[in-house]
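Asks: Encoded as structure tokens, here's the structure I'll be asking about.
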Amino acid sequence: MKWCRFQAAGQVSYGIIEEQTVIAVTGSPFDTYTKTATTYPLHEVKLLVPVIPPTFYAAGINYREHVIEMAQKRGAEPAFPPQADVGYRANNALIANEEPIVIPKDATELVQYEGELVVVIGKPCKRVSEADVLDYVLGYTIGNDVSERTWQRGDRTLWRGKNTDTFKPMGPWIVTDLNPDDLRVTIRLNDQEMFTYGVADAIFGVRHFLSRMSQYLTLYPGDVLWMGTDGATENMKDGDTVEVEIPGIGVLRNPVVRER
Numbered sequence: 001m002k003w004c005r006f007q008a009a010g011q012v013s014y015g016i017i018e019e020q021t022v023i024a025v026t027g028s029p030f031d032t033y034t035k036t037a038t039t040y041p042l043h044e045v046k047l048l049v050p051v052i053p054p055t056f057y058a059a060g061i062n063y064r065e066h067v068i069e070m071a072q073k074r075g076a077e078p079a080f081p082p083q084a085d086v087g088y089r090a091n092n093a094l095i096a097n098e099e100p101i102v103i104p105k106d107a108t109e110l111v112q113y114e115g116e117l118v119v120v121i122g123k124p125c126k127r128v129s130e131a132d133v134l135d136y137v138l139g140y141t142i143g144n145d146v147s148e149r150t151w152q153r154g155d156r157t158l159w160r161g162k163n164t165d166t167f168k169p170m171g172p173w174i175v176t177d178l179n180p181d182d183l184r185v186t187i188r189l190n191d192q193e194m195f196t197y198g199v200a201d202a203i204f205g206v207r208h209f210l211s212r213m214s215q216y217l218t219l220y221p222g223d224v225l226w227m228g229t230d231g232a233t234e235n236m237k238d239g240d241t242v243e244v245e246i247p248g249i250g251v252l253r254n255p256v257v258r259e260r
């Protein structure tokens, strides 16, 4: 099933996408819901961020080639994470498919994309085994963990480098009943393929992360976990367009603008 959150006729609603039609529902995918008789052509609705998460988690450094590439840029030896540690991002940074990534005036040129899989929790999850934890997942969407590398290295926290307004595109919708190990992420900048990688190549996979987190944290419906990216990341500039594609889910596409 393909779930979206959309705006049409002045109303915000969850909907189910069937082919090129959006069926409005009452309720939500995280609770009970009922299909209504109201439908819209997909191209006529404004797709919103598919969920506003109660808590926004990020796996961070989770792919070997990305670790190596970033270490080389710093002139350092790569240091791989010894365990699955999770970080946090801020909801203020979320934007939807097709909305612009806005680079602040005082940002450096080192503003880069990070295309990744996003896991969406469907029901409360506490102390769950790796074998069972995917039963607590509603589905999957796509994220672009935009990062200002100078700020990321220089600030004591990631408050600017990762959480500046518009730095977290997510969407375009949530797809259920997928096996994350089968998914592949492709990143394009101005229609040029920059990198592609398999989600299964992660240092720590979806099951491991969620199960480990659930030993200490209660994961709630609507929580999201961004799984990290792989490979080298390049600078984005004013006028660029970045796309992150995961076949089976879709394409997250955002233009880039710099403040004047």
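Heads up: the sequence shown is residues 1 to 260, going by the UniProt record's numbering. The beta carbon of each residue, even a glycine, is placed where N, CA and C say it ideally should be.
What do you get for residue 145, buried or exposed, if any count of 16 or more other CB atoms within 10 angstroms of its CB means buried?
Replies: Within the sequence shown, the letter at position 145 stands for residue 145. Under this definition residue 145 is a buried residue.
Asks: What first and last residue would you give for the beta strand (DSSP E) that runs through residue 3?
Replies: One-based indexing of the sequence shown puts residue 3 at position 3. Segment 2-8, the beta strand (DSSP E) holding residue 3.
Asks: Can you give me the Cβ contacts of residue 111 inside the same chain, cut-off strictly under 7 Å, excluding the 5 residues immediately before and after it?
Replies: Numbered from its first residue, the sequence shown carries residue 111 at position 111. Only 103, 146, 148, 235, 236 meet the Cβ criterion.
Asks: Give me the residue from 20, 192, 86 with the minimum Cα distance to residue 40.
Replies: Position 40 of the sequence shown, counted from the start, is the residue given in the question as residue 40. Out of 20, 192, 86, 20 has the C-alpha closest to the C-alpha of residue 40.
Asks: Helix, strand or coil for residue 113 per DSSP?
Replies: As a position in the sequence shown, residue 113 is number 113, starting the count at 1. Coil, per DSSP.
Asks: Mapping the DSSP letters down to three states, classify residue 41 as helix, strand or coil.
Replies: Along the sequence shown, read from residue 1 onward, the residue named residue 41 stands at position 41. Residue 41: strand per DSSP, three-state reduction.
Asks: On a CA-only basis, which of 26, 11, 209 is nearest residue 85? Give me that one, please.
Replies: For the purposes of this step, residue 85 is taken as the residue at position 85 of the sequence shown. For the options 26, 11, 209, the alpha carbon positioned closest to that of residue 85 is the one of 209.
Asks: With DSSP as the reference, label residue 70 as helix, strand or coil.
Replies: Position 70 of the sequence shown, counting from 1, holds the residue named residue 70. Three-state DSSP puts residue 70 in a helix.
Asks: Counting C-beta neighbours from all protein chains within 10 Å, is the total for residue 248 16 or more, i.e. buried, or is it exposed?
Replies: Indexing the sequence shown from 1 puts residue 248 at position 248. Its Cβ having fewer than 16 others within 10 Å, residue 248 is exposed.
Asks: Any idea if residue 262 is buried or exposed, counting beta-carbon neighbours within 10 angstroms, 16 or more meaning buried?
Replies: In this structure the chain extends from 1 to 260, so residue 262 is not present and cannot be described.
Asks: Quickly, what does DSSP pair residue 192 with across the bridge? List them, please.
Replies: The sequence position of residue 192 within the sequence shown is 192, counting from 1. Answer is 189, bridged to residue 192.
Asks: Evaluate residue 305 with the Cβ neighbour count: other Cβ atoms within 10 Å of its Cβ, from every protein chain shown; 16 or more gives buried, anything less gives exposed.
Replies: Nothing can be reported for residue 305: it is not among the residues displayed for the chain, which extend from 1 to 260.
Asks: Would you call residue 43 buried or exposed, if buried means 16 or more other Cβ atoms sit within 10 Å of its Cβ?
Replies: Indexing the sequence shown from 1 puts residue 43 at position 43. With fewer than 16 other CB atoms across the displayed protein chains lying within 10 angstroms of its CB, residue 43 is exposed.
Asks: Kindly give me the distance between the Cβ atoms of residue 204 and residue 62, rounded to whole angstroms, as I take these residues to be in contact under 8 Å.
Replies: If you number the sequence shown from 1, residue 204 lands on position 204. If you number the sequence shown from 1, residue 62 lands on position 62. So it is a contact: roughly 6 Å between Cβ atoms.
Asks: Spatial neighbours of residue 245 within its chain, please: C-beta separation below 6 Å, excluding the five flanking residues on both sides.
Replies: Walking along the sequence shown from the start, residue 245 turns up at place 245. If we look at residue 245 and ignore the five residues flanking it on each side, its Cβ neighbours are 186, 251.
Asks: To the nearest angstrom, report how far apart residue 82 and residue 226 are at their CA atoms.
Replies: Reading the sequence shown from its first residue, position 82 is the one you call residue 82. Reading the sequence shown from its first residue, position 226 is the one you call residue 226. The alpha-carbon atoms of residue 82 and residue 226 are separated by roughly 19 Å.
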